[in-house]
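For reference, the structure is listed below as C-alpha cells.
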Amino acid sequence: MELSKKVKSITPSQTIEITNTARQLKAEGVDVISLSAGEPDFNTPDEIIDAVYEAAKAGHTKYTASAGLPELRETIVKKMARDNNLTYAPNEIYVGNGAKQVLYNVFLATLDEGDEVIVPAPYWVSYTEQVKMVGGEPVTAVTTEDTHFKLTPEILKAHITEKTKMLVLNTPNNPTGSVYSKDELQALADVLAETDIIIVVDEIYEVLTYGEPQVSIASLNDKIKAQTIIVNGVSKSHAMTGWRVGYACGAPELIAALSALTSQSTTSVAEPAQYGAIAAYEMAPESTEKYRAIFEARRDNAYAKIMELPHVTCVKPEGAFYLFPHMKNCAEACGYDTVDEFVKDVLREKHVAFVPGSGFGTPEYARISYSLDEATFNDAVSRIKEFIEEKSKI
Ligand code: PMP
Ligand code: GLU
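Sequential numbering of the sequence shown, starting at 1, is according to the UniProt record's numbering.
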C-alpha cells in the first residue's frame, strides 16, 4: 500500500520502541532490565482508582464536551492558581488524551505549512516528529553541557528567522533532567517578549524537581503569559500514564480551536478517566511529595552509580527521572563507532535496555531512566560496567 509522504518522513518513537522490545524480551523469559521506562513505576493511588470506579458506577461512562468535562476544567483552573500562581478561566483550559495528544493538537491548531518551530536539543523524541506531521519545520537549537543543556538567549536569537512561529520548551526536561531557574526563563522571556513567537512549555514533570523549584514561564508577566501555551497532565505527577489525561492552558481562541478539532477527531477523553484527573488534582499537593522524595533518593543513587562507569561523564540532573550521560568515548573505547551500536549490544549481550541519544537529537549521549527500584537499577549498571570492562580489554 502506498503511504503518504508525510507519514513516511516520521521516525517512530524510539522511547516507545525500546520499552516495547524490553517488555517483549521479558515476556519471552529473558532476564532483561529496562532502564528505558518513561513512566513512574508506582501504581495510581487508590483514592484515584476508587473515584474512577465510583464515577463509572454512577453512569459517567459517556462522551463529554470536547474541551473536557466542565468539572475537570474548573478543577484545573483551581490547580493552576494553587500550584502555579496563574489565573486562567475555564474557557482557557483544554483536556486531551495525554500531554502527547494535547501537544499534537496544539501544533495542528497553530502551525501552517513551512512554519518554523525552534526545538532545543536534546529534545523529547515526539516534538520534532509531531511538528513534521502537521507540516511545520522543526529547527533544532543544540544546547551544551556547560549550560546543563538549557537554551540560552544567545542560542535562541541565533535560531530566530522570519518564519519562526513557535518555541518548544520543556522543564523539567526529558531526557536531560535539567530544570530552568526563574532567571534563566526571564532571560529567554526578554528575547521572546520582543516577538510574537508562541511559547509551548511542556511541564509534565512539574512535581519532580530536586533543587530549583519549578517556575512556569507564563508566570513571569502578562505579555509572556499571552504568548504561552502550557501543556501538562496527570501522567507523571500521579502515576496515571495509562489513563491518558493531559491539558493545555492558553488563549480562548486556541482552546475553541482545539475543541473543534477534537469534536471531529476523538470526541473527548474517556469520561471515567477525567473523573480520575479531578480526584488527582483534588488530592493535597503534598500527596505527590512522597513520590518526589523517592525519586530524589533514586536520582542520588543513580547518578553516583553512573559516574563509576569508565569513560562516562554526566551532568547531575535536577528533575524528572532520567540521566543523560555522554557515552561516545565509552562506545569508542569498546570498539563501537556509535552509541546506537553500543546500546544495541548491551541489550543483546547483557540484557539491559536504555535509549540512545540519537532519538533526542544528540547521538553522543544515551538516556537512562531510574524509574525502578535501586537494587535492580544497580544490577543493571553492574552489567553495563561488566560489558565495558570486557569490550574495552579487546
Ligand atoms: N512530554 C514529555 C516531555 C514526556 O516525557 C511525556 C511522556 N511520554 C509526555 C509529554 C507525554 O505524556 P502523556 O501523554 O502521558 O501525558
Ligand atoms: N515520556 C516517556 C518517554 O519519553 C514515555 C514514552 C513516550 O511517550 O515517548 O520515554
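Glycine is no exception: its CB is placed at the ideal position from the N, C-alpha and C atoms.
query                                                                                                                                                                                        : result
If we require 4 or more residues per run, which alpha helix (DSSP H) segments fall completely within the region 98-178?                                                                      : 98-110, 126-133 and 153-159
One question on the structure: do Tyr275 and His326 come within less than 8 Å of each other, judged by their Cβ atoms?                                                                       : no
Does DSSP classify Cys249 as helix, strand or coil?                                                                                                                                          : strand
Measuring straight from C-alpha to C-alpha, what distance separates Pro175 and Tyr123?                                                                                                       : 7 Å
Is Thr241 near the ligand PMP, going by C-beta to nearest heavy atom under 7 Å?                                                                                                              : yes
Please classify Ser369: does DSSP put it in a helix, a strand, or coil?                                                                                                                      : strand
Give every residue of the same chain whose Cβ lies closer than 6 Å to the Cβ of residue 406, excluding the five residues on either side of it in the sequence, and list them in chain order. : As shown, the chain starts at 1 and ends at 394. That puts residue 406 outside it, with no answer to give.
Tell me whether Asn85 sits in a helix, a strand or coil according to DSSP, three-state version.                                                                                              : coil
Determine the contact status of Gly319 and Leu208, defining contact as a CB-CB distance below 8 Å.                                                                                           : yes
Would the region 134-148 and the region 86-101 be scored as touching if the rule is three or more Cβ pairs under 8 Å?                                                                        : no
Just checking, does the region 197-208 make contact with the region 267-284 on the three C-beta pairs under 8 Å criterion?                                                                   : no
Any heavy atom of the ligand GLU closer than 7 Å to the Cβ of Ile16?                                                                                                                         : yes
Please classify Asp190 as buried or exposed, where buried requires at least 16 other C-beta atoms within 10 Å of its C-beta.                                                                 : exposed
What residues in its chain sit with their C-beta under 7 Å from that of Pro40, if we drop five residues either side in the sequence?                                                         : Lys236, Ala239, Tyr291 and Ser371
Answer yes or no: do Ser268 and Tyr63 have a C-beta to C-beta separation smaller than 8 Å?                                                                                                   : yes
Beta-carbon distances below 6 Å to any heavy atom of the ligand PMP define the shell here; list its residues in chain order, please.                                                         : Gly38, Gly98, Ala99, Lys100, Trp124, Asn170, Asn174, Asp202, Ile204, Gly233, Ser235, Thr241 and Gly246
Tell me the DSSP secondary structure of Asn20 in three-state form.                                                                                                                           : helix
Measuring only the C-alpha atoms, how far is His351 from Ile155?                                                                                                                             : 39 Å
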